[in-house]
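**Q** The structure is given below, and queries will be raised subsequently.
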Amino acid sequence: MPINVSQQLKSPIGSVRSYEVREVVSIAGGDSMVEGEVSLVRTDRGILAKATLHTEVEVTCSRCLSLFNCRLTLNIEEEYFPIIDAVSGTPLSLPEEPGCFTIDEHHTFDLTEAIRQYALLAIPMKPLCREDCAGLCPACGHNLNQGPCGCLPQKASLGRSKLNKLTLEKGTE
Ligand SMILES: [Zn+2]
Ligand SMILES: [Zn+2]
């Protein structure tokens, strides 16, 4: 969602504008609806975007390997720097920081890339479909969230404990 800030760039430092965000962003291979509000503050060098956004991404449970929707809250705070002066149109020098976000020559910028970056950081390393996910039976691979399988505990064998170890390494904390 491109936001035009040409008016705000001509406003005094500290002036604030707010926008509703509602856009589909491609995150981790899937399309996610991202919603929330962003407030834009005119700074001495550009526009500071502060947003609290909500979205869901489809991830794989690290314990039972099922796909589920993981809710994410993104608290974005990024400054966007204009590449040209909004009044005179002369090129401006950008901060040295690599990958800094910019406002283009039409005085617009887009939150999409920041949303994607914050979302990727917010996805848990070991997602769980629920806190008490029962995981998979180490013997037959049955998803124990769907009830017990036919395996009897006393059937534990060397093969099973190896599998058990594998599952543990892959999954649970
Ligand atoms: Zn699970
Ligand atoms: Zn089983």
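Quick note on my numbering: the sequence shown kicks off at 1 and runs consecutively. Even glycine gets a Cβ: it sits at the ideal position worked out from N, Cα and C. These numbers were taken from a predicted model, which means no experiment stands behind them.
1) Can you tell me the Cα-Cα spacing of S11 and S88, whole angstroms?
2) In terms of residues, what are the limits of the alpha helix (DSSP H) holding R116?
3) What's the call for L72, buried or exposed, on a 16-neighbour Cβ count within 10 Å?
4) Nearest by alpha-carbon distance to L48: which of T55, S39, E56, V34 is it?
5) Between S32, V34, R42, E23, which has its C-alpha nearest S15's C-alpha?
6) Which residues mark the beginning and the end of the alpha helix (DSSP H) in which S93 is found?
7) How many Å lie between S62 and R130 at the Cα?
8) Would you identify the three-state DSSP class for L65, choosing helix, strand or coil?
9) Counting only runs that start and end within the segment 9-84, where is the beta strand (DSSP E) found for 3 or more residues in a row?
10) Measuring straight from C-alpha to C-alpha, what distance separates C140 and P127?
11) Need the endpoints of the beta strand (DSSP E) that N4 sits in, please.
12) Between the C-alpha atoms of R189 and N69, what's the straight-line distance to the nearest angstrom?
13) Count the other CB atoms within 10 Å of the CB of P82; is the residue buried (16 or more) or exposed (fewer)?
**A** Concretely, from the data shown:
1) 14 angstroms
2) 112-122
3) buried
4) S39
5) R42
6) Per DSSP, S93 belongs to no alpha helix (DSSP H) and is neither H nor E.
7) 11 angstroms
8) coil
9) 16-27, 30-42, 47-60, 67-82
10) 22 angstroms
11) 2-4
12) With the chain represented from 1 up to 173, any question about residue 189 goes unanswered, as that position is not in the structure.
13) buried
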